[in-house]
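Peer 1: Residue numbers (our numbering): 12 to 736.
Every residue, glycine too, gets a C-beta built ideally from N, C-alpha and C.
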Amino acid sequence: MRATRFWLATIGLFVLPAGPGPAMAADAGVAPTRKIDHVDDYHGLKVADPYRWLEHDSAETQAWVQAQNAATRALLDAVPQRAALARHLAQIWNYPKETPPAVRGGRAFWRHNDGLQNQAVLCWAPQGDSKCRVLFDPNRAAGDGTVSLQSFSPSDDGKLLGYALASGGSDWNEIHVRDVDSGTDRPDVLQWVKFSNIAWHPTGSGFWYARYDAPKPGETLTGVNKFQKVCFHTLGTPQSADEVVHQNPSQPEWGFGVEVSDDGRWWLLSTWRGAESRNGLDVRAIAGHTLGPNRQLTRGFGGAFEVAGVRDGQLYLRSDWGAPRGRLLAVDLSSGATIDTEQPPGPLPQGWRQVQAEADSTLSMAVLAGQGIVVSRLVEASHQLAYVDYQGKPLPAPTFPRLGSVAGLSGHAGDPNLFFGYVDFLAPARVLHANLDQRALTVRFDAKHGLPAGRYATQLRYATSKDGTKVPVFVTARRDLPRDGTAPAYLYGYGGFSVEMTPFYKPDLHAWVEAGGVLAVAVLRGGAEFGEAWHDAGKLDKKQNVFDDFMAVAELLGREKWTSPKRLAIAGGSNGGLLVGACLAQRPELFGAALPAVGVMDMLRYHLFTIGWAWVPEYGSSADPKAFQWLYKYSPLHNLKAGAAYPATLVLTGDHDDRVVPAHSFKFAAALQAAQGGPAPIRIRIETRAGHGAGKPTAKLIDEATDRLIFLVQQFGLQLPEAWR
Numbered sequence: 012m013r014a015t016r017f018w019l020a021t022i023g024l025f026v027l028p029a030g031p032g033p034a035m036a037a038d039a040g041v042a043p044t045r046k047i048d049h050v051d052d053y054h055g056l057k058v059a060d061p062y063r064w065l066e067h068d069s070a071e072t073q074a075w076v077q078a079q080n081a082a083t084r085a086l087l088d089a090v091p092q093r094a095a096l097a098r099h100l101a102q103i104w105n106y107p108k109e110t111p112p113a114v115r116g117g118r119a120f121w122r123h124n125d126g127l128q129n130q131a132v133l134c135w136a137p138q139g140d141s142k143c144r145v146l147f148d149p150n151r152a153a154g155d156g157t158v159s160l161q162s163f164s165p166s167d168d169g170k171l172l173g174y175a176l177a178s179g180g181s182d183w184n185e186i187h188v189r190d191v192d193s194g195t196d197r198p199d200v201l202q203w204v205k206f207s208n209i210a211w212h213p214t215g216s217g218f219w220y221a222r223y224d225a226p227k228p229g230e231t232l233t234g235v236n237k238f239q240k241v242c243f244h245t246l247g248t249p250q251s252a253d254e255v256v257h258q259n260p261s262q263p264e265w266g267f268g269v270e271v272s273d274d275g276r277w278w279l280l281s282t283w284r285g286a287e288s289r290n291g292l293d294v295r296a297i298a299g300h301t302l303g304p305n306r307q308l309t310r311g312f313g314g315a316f317e318v319a320g321v322r323d324g325q326l327y328l329r330s331d332w333g334a335p336r337g338r339l340l341a342v343d344l345s346s347g348a349t350i351d352t353e354q355p356p357g358p359l360p361q362g363w364r365q366v367q368a369e370a371d372s373t374l375s376m377a378v379l380a381g382q383g384i385v386v387s388r389l390v391e392a393s394h395q396l397a398y399v400d401y402q403g404k405p406l407p408a409p410t411f412p413r414l415g416s417v418a419g420l421s422g423h424a425g426d427p428n429l430f431f432g433y434v435d436f437l438a439p440a441r442v443l444h445a446n447l448d449q450r451a452l453t454v455r456f457d458a459k460h461g462l463p464a465g466r467y468a469t470q471l472r473y474a475t476s477k478d479g480t481k482v483p484v485f486v487t488a489r490r491d492l493p494r495d496g497t498a499p500a501y502l503y504g505y506g507g508f509s510v511e512m513t514p515f516y517k518p519d520l521h522a523w524v525e526a527g528g529v530l531a532v533a534v535l536r537g538g539a540e541f542g543e544a545w546h547d548a549g550k551l552d553k554k555q556n557v558f559d560d561f562m563a564v565a566e567l568l569g570r571e572k573w574t575s576p577k578r579l580a581i582a583g584g585s586n587g588g589l590l591v592g593a594c595l596a597q598r599p600e601l602f603g604a605a606l607p608a609v610g611v612m613d614m615l616r617y618h619l620f621t622i623g624w625a626w627v628p629e630y631g632s633s634a635d636p637k638a639f640q641w642l643y644k645y646s647p648l649h650n651l652k653a654g655a656a657y658p659a660t661l662v663l664t665g666d667h668d669d670r671v672v673p674a675h676s677f678k679f680a681a682a683l684q685a686a687q688g689g690p691a692p693i694r695i696r697i698e699t700r701a702g703h704g705a706g707k708p709t710a711k712l713i714d715e716a717t718d719r720l721i722f723l724v725q726q727f728g729l730q731l732p733e734a735w736r
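Here is the structure:
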């Protein structure tokens with residue numbers, strides 16, 4: 012023991028057991044999963060797939076799910092401290108939550124959760140009033156809270172609201188239309204919507220959205236989604252009458268998003284190809300109820316072009332074309348020049364101009380607001396806001412916060428009111444209101460919740476990866492935490508798809524840090540924190556860099572005595588689940604526990620299910636002989652070694668996950684259980700009526716978080732603080 016029990020209880024640290032190491036729970040074992048004799052031929056190499064049958068939703072698969080969940084419950088429910096942990100997590104979760112408002116027609120629309128509501132309600136109020144008038148309560152749609160509000164979009168006059176619902180965690184959405192004043196729904200109901208926004212016609216007569224054809228019977232959650240099309244729905248008409256405005260039958264993997272400029276004059280179409288961070292951009296003039304001829308602003312997929320807004324016929328864009336860390340561009344919409352992004356970047360054509368050049372920091376977001384443009388730049392993986400004019404020169408601005416994350420940046424050209432959320436590792440998001448004309452920043456909403464900064468702190472440390480690259484990692488812990496290697500640590504990462512890993516707050520990790528644990532969040536290659544070059548260095552044949560970065564951070568935490576390998580848990584979801592699976596397969600001795608969630612574990616077959624084909628630009632496909640070589644080398648499912656001692660592992664997935672289908676986790680858990688040669692348990696937790704994560708009800712979030720943490724408490728031999736018991 013490094014201190015007296017009294018001192019530990021006083022500052023709330025996990026109580027560690029006596030002796031040289033953690034108390035590892037012995038695994039009573041689970042029944043071996045049946046294997047079949049199935050072999051695939053990949054470019055002349057025979058690869059066995061003995062758990063292929065788990066890809067099918069058969070009676071045998073359902074029985075396997077029930078048996079696995081029973082074994083997991085037997086392990087976790089046997090921990091006497093679980094009930095106390097669940098109560099404490101519910102207390103921490105019980106704080107109000109709000110999002111920045113979207114303002115249309117003098118009305119503000121936002122989400123609000125009182126604390127433990129399963130789903131946030133949708134609020135509205137006249138602009139300037141922050142008192143919630145409940146417009147839609149998804150908690151009334153399903154008793155178990157599994158119907159969620161995925162997105163919403165008010166019409167320009169603020170009198171109508173289009174909103175999309177999802178059930179059971181599925182990515183499939185159903186769009187409804189609500190009259191704001193009466194609070195009642197119109198008869199319009201649109202189905203088979205996925206990966207779509209709602210873009211209103213300026214007159215409010217209808218809206219544009221994107222959909223797929225209805226899946227075949229039995230393939231709703233597993234069938235491949237291709238041939239997306241943009242449709243226009245006229246209010247009061249059946250979906251069958253919707254006009255197909257845009258599609259490309261020769262390009263089944265292209266998808267589309269529509270935006271309408273604030274002045275109602277321009278229709279903007281973004282074309283995406285799979286999960287690439289690059290896109291094409293087209294524009295059409297809106298003339299009454301018709302669209303003018305299409306003008307292609309960009310050709311090819313050589314860069315990202317994100318709309319910041321339109322003012323006086325000038326379209327402002329954030330782009331990384333010719334500028335990996337991003338720059339601001341403007342294009343005169345009355346000109347006719349097109350940029351061929353597949354060609355090497357050169358001088359901008361006539362009608363295009365550079366508003367702000369590439370800088371050392373990464374341009375993350377831009378939105379027109381007030382008399383200029385508000386930009387968010389990433390500096391050491393934290394957002395910093397600035398206000399510039401339409402020539403890119405600084406304007407007087409409020410004093411914006413630093414060293415955290417900005418979300419929901421909401422503004423309009425000519426309107427001085429800017430709203431955004433701001434969060435760090437110690438406290439949940441506040442909603443801030445900036446009056447750009449008055450250079451004033453006020454707090455619209457503050458949960459007044461979190462860890463006190465006087466007792467806890469976040470440091471930015473740097474690990475050195477295998478190839479010498481410096482990898483940042485945020486480390487959050489008590490200021491007086493003894494650096495002797497005995498504290499338990501929770502290392503989280505993602506590393507892919509240009510996703511920014513910036514500061515965030517989660518109630519379960521609040522509890523972890525409050526109880527004396529260390530939270531480490533790695534900023535890995537594959538993300539967008541240092542521009543597109545940072546992303547490119549962590550994808551395709553360079554994906555191994557991401558795993559090397561993560562393992563270098565794990566080694567840093569041990570070297571600097573934040574923790575030790577036997578007390579280090581690694582966690583991540585989706586692409587981050589792949590990260591955890593690959594790292595535990597490659598270096599199991601580095602970790603004491605692993606929590607891979609909804610992970611992409613079978614890198615040879617991921618592209619054959621639902622939207623998996625869209626990830627080929629990020630990973631490559633096993634159908635390509637070259638890509639097969641690198642995929643096969645790191646695919647978690649295919650790199651487990653029989654008899655190796657793997658860390659205690661709790662695999663997590665949802666039975667309604669139609670993004671990363673649960674068969675990934677099923678097969679990986681079965682293979683890891685069969686390969687395990689050490690004493691640590693391998694379990695899988697399969698949530699019912701839940702999907703990839705979006706829209707999961709609060710009750711399920713708390714229950715899952717309790718299981719994750721109690722698994723670590725059990726495997727590391729920890730005791731909860733006295734105050735929690």
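According to DSSP, is PRO599 part of a helix, a strand, or is it coil?
Peer 2: What you label residue 599 is simply residue 588 of the sequence shown in a count that begins at 1. Of the three classes helix, strand and coil, the one that applies to PRO599 here is helix, per DSSP.
Peer 1: Thinking C-alpha only, which one of LEU452, LEU437, PRO407 is nearest LEU429?
Peer 2: On the sequence shown, position 418 is the one that residue 429 refers to. The shortest C-alpha separation from LEU429 is found at LEU452.
Peer 1: Which runs of the beta strand (DSSP E) at least 3 residues long sit entirely within the region 549–607? Give them in chain order.
Peer 2: Whole beta strand (DSSP E) segments, 3+ residues: 579–584.
Peer 1: Please name the residue, chosen from GLY362, ASP669, ASP168, SER632, that lies closest to ILE622 on a Cα-to-Cα basis.
Peer 2: In the sequence shown, residue 622 corresponds to position 611, counting from 1. Among GLY362, ASP669, ASP168, SER632, the Cα nearest to that of ILE622 belongs to ASP669.
Peer 1: If you measure between the beta carbons of THR567 and ALA474, is that distance less than 7 Å?
Peer 2: Within the sequence shown, residue 567 is the residue found at index 556, counting from 1. Within the sequence shown, residue 474 is the residue found at index 463, counting from 1. What sits at residue 567 in the sequence shown is Leu, not Thr. The answer is yes: Cβ separation under 7 Å.
Peer 1: Assign TRP211 to one of three DSSP states: helix, strand, or coil.
Peer 2: On the sequence shown, residue 211 is found 200 positions in, with the first residue counted as 1. The answer is strand: DSSP assigns TRP211 an E or B state.
Peer 1: Have a look at ALA29 and TYR62 and give me their C-alpha separation to the nearest angstrom.
Peer 2: Counting from 1 along the sequence shown, the entry for residue 29 is found at position 18. Counting from 1 along the sequence shown, the entry for residue 62 is found at position 51. Its pLDDT being 33, under 50, ALA29 is placed unreliably in this model, and the value from its coordinates should be taken loosely. Cα to Cα, the separation comes out at about 42 Å.
Peer 1: Tell me whether GLY32 sits in a helix, a strand or coil according to DSSP, three-state version.
Peer 2: As a first step, residue 32 must be located in the sequence shown, where it is residue number 21. No answer about GLY32 holds up, because its pLDDT of 40 lies below 50 and its placement is not dependable.
Peer 1: Tell me the DSSP secondary structure of ALA408 in three-state form.
Peer 2: Taking the first residue of the sequence shown as 1, we reach residue 408 at position 397. Coil.
Peer 1: Relative to the alpha-carbon of HIS444, which residue among ALA464, PRO427, ALA438, VAL434 has its alpha-carbon at the smallest distance?
Peer 2: On the sequence shown, position 433 is the one that residue 444 refers to. Closest by alpha carbon: PRO427.
Peer 1: In whole angstroms, what separates the C-alpha of ALA705 from that of VAL342?
Peer 2: Within the sequence shown, the letter at position 694 stands for residue 705. Within the sequence shown, the letter at position 331 stands for residue 342. Looking at the two C-alpha atoms, the distance is approximately 36 Å.
Peer 1: LEU279 to SER421, Cα distance in whole Å?
Peer 2: Taking the first residue of the sequence shown as 1, we reach residue 279 at position 268. Taking the first residue of the sequence shown as 1, we reach residue 421 at position 410. Each residue's alpha carbon lies about 18 Å from the other.
Peer 1: Would ALA319 pass as a contact of LEU379 if the rule is Cβ separation under 7 Å?
Peer 2: Walking along the sequence shown from the start, residue 319 turns up at place 308. Walking along the sequence shown from the start, residue 379 turns up at place 368. Result yes, Cβ atoms of ALA319 and LEU379 sit closer than 7 Å.
Peer 1: Among ASP192, ALA177, LYS142, which one has its Cα closest to the Cα of PRO165?
Peer 2: The residue labelled residue 165 in the question sits at position 154 within the sequence shown. The residue with the shortest Cα to Cα distance from PRO165 is ASP192.
Peer 1: Look up LYS46 in the DSSP assignment and say whether it is helix, strand or coil.
Peer 2: Here residue 46 refers to the residue found at position 35 when the sequence shown is read from its first residue. It is coil, neither helix nor strand.
Peer 1: Considering only residues of the same chain and omitting the five flanking positions on each side of HIS741, which have a CB-CB separation below 6 Å?
Peer 2: The structure shown does not extend to residue 741, since the chain is modelled only from 12 to 736, so the question has no answer here.
Peer 1: I'd like the ranges of any alpha helix (DSSP H) spanning at least 4 consecutive residues and lying wholly in the region 394–467.
Peer 2: With a minimum length of 4 residues, no continuous alpha helix (DSSP H) run stays inside the region 394–467.
Peer 1: To which residues of the same chain is ASN236 closer than 7 Å at the C-beta, ignoring the five residues directly before and after it?
Peer 2: In the sequence shown, the residue the question calls residue 236 occupies position 225. So the list reads LYS205, TYR223, THR621, ILE622, once near-sequence residues are dropped.
Peer 1: Could you give the DSSP three-state label for LYS711: helix, strand or coil?
Peer 2: Position 700 of the sequence shown holds residue 711. DSSP places LYS711 in helix when its eight states are reduced to three.
Peer 1: Buried or exposed: where does THR248 fall if 16 or more other Cβ atoms within 10 Å of its Cβ makes it buried?
Peer 2: The residue labelled residue 248 in the question sits at position 237 within the sequence shown. Exposed.
Peer 1: Go to ILE103, then tell me how far its alpha helix (DSSP H) extends in each direction, as first and last residue.
Peer 2: Position 92 of the sequence shown, counted from the start, is the residue given in the question as residue 103. Residues 93–104.
Peer 1: Measuring CA to CA, which of ARG736, THR660, VAL671 is closest to PHE727?
Peer 2: Within the sequence shown, residue 727 is the residue found at index 716, counting from 1. Ranking the options by Cα distance to PHE727, first place goes to THR660.
Peer 1: Please report the straight-line C-alpha distance between ALA119 and VAL271, rounded to a whole angstrom.
Peer 2: The residue given as residue 119 occupies position 108 in the sequence shown. The residue given as residue 271 occupies position 260 in the sequence shown. Roughly 19 Å separates the two Cα atoms.
Peer 1: Could you give the residue range of the alpha helix (DSSP H) that holds ALA81?
Peer 2: Counted from its first residue, the sequence shown places residue 81 at position 70. 70–87 is the span of the alpha helix (DSSP H), which, as asked, contains ALA81.
Peer 1: Following the continuous alpha helix (DSSP H) through ALA680, name the residue where it begins and the one where it ends.
Peer 2: Within the sequence shown, residue 680 is the residue found at index 669, counting from 1. First-last of the alpha helix (DSSP H) with ALA680: 674–686.
Peer 1: Which same chain residues, not among the five before or five after SER372, have their C-beta less than 8 Å away from its C-beta?
Peer 2: By 1-based counting over the sequence shown, the position of residue 372 is 361. Around SER372: ARG336, ARG388, LEU389, VAL390, GLN395.
Peer 1: Could you give the residue range of the beta strand (DSSP E) that holds VAL366?
Peer 2: By 1-based counting over the sequence shown, the position of residue 366 is 355. First-last of the beta strand (DSSP E) with VAL366: 363–367.
Peer 1: Quick check: ILE713 and LEU100, are their CB atoms within less than 7 Å of each other?
Peer 2: Sequence index remark: in the sequence shown, residue 713 carries index 702 (1-based). Sequence index remark: in the sequence shown, residue 100 carries index 89 (1-based). Yes, the Cβ-Cβ distance between ILE713 and LEU100 is below 7 Å.
Peer 1: For the alpha helix (DSSP H) containing HIS521, list its first residue and its last residue.
Peer 2: Indexing the sequence shown from 1 puts residue 521 at position 510. Per DSSP, HIS521 belongs to the alpha helix (DSSP H) from 518–525.
Peer 1: I'd like the list of long-range same chain contacts for ASP559, defined as Cβ closer than 8 Å, with 5 residues on each side in sequence excluded.
Peer 2: Mapped onto the sequence shown, residue 559 falls at position 548. These residues qualify, in order along the chain: SER476, LYS477, ASP478.
Peer 1: Whole angstroms are fine: how far does the CA of ALA252 sit from the CA of GLN138?
Peer 2: Working through the sequence shown from its first residue, we reach residue 138 at position 127. Working through the sequence shown from its first residue, we reach residue 252 at position 241. About 36 Å.
Peer 1: Report the residue ranges of all alpha helix (DSSP H) runs contained in full by the region 476–540; include only those spanning at least 4 residues, in chain order.
Peer 2: Fully enclosed alpha helix (DSSP H) runs of 4 or longer: 518–525.
Peer 1: For ALA70, is the classification buried or exposed, using 16 other Cβ atoms within 10 angstroms of its Cβ as the cut-off for buried?
Peer 2: Against the sequence shown, residue 70 aligns to sequence position 59. Exposed, since its Cβ has fewer than 16 Cβ neighbours within 10 Å.
Peer 1: Is DSSP giving LEU729 helix, strand or coil here?
Peer 2: Reading the sequence shown from its first residue, position 718 is the one you call residue 729. Three-state DSSP puts LEU729 in coil, outside helix and strand.
Peer 1: LYS459: which of ASP448, ARG441, ALA78 sits nearest, CA to CA?
Peer 2: Taking the first residue of the sequence shown as position 1, residue 459 is located at position 448. Of ASP448, ARG441, ALA78, the residue nearest in Cα terms is ARG441.
Peer 1: Assuming VAL724 contacts GLN92 under a Cβ cut-off of 8 Å, what Cβ separation, rounded to an integer in Å, is found between them?
Peer 2: Numbered from 1 along the sequence shown, position 713 holds the residue referred to as residue 724. Numbered from 1 along the sequence shown, position 81 holds the residue referred to as residue 92. Between GLN92 and VAL724 the Cβ distance is about 6 Å, and since that is below 8 Å, they are a contact.
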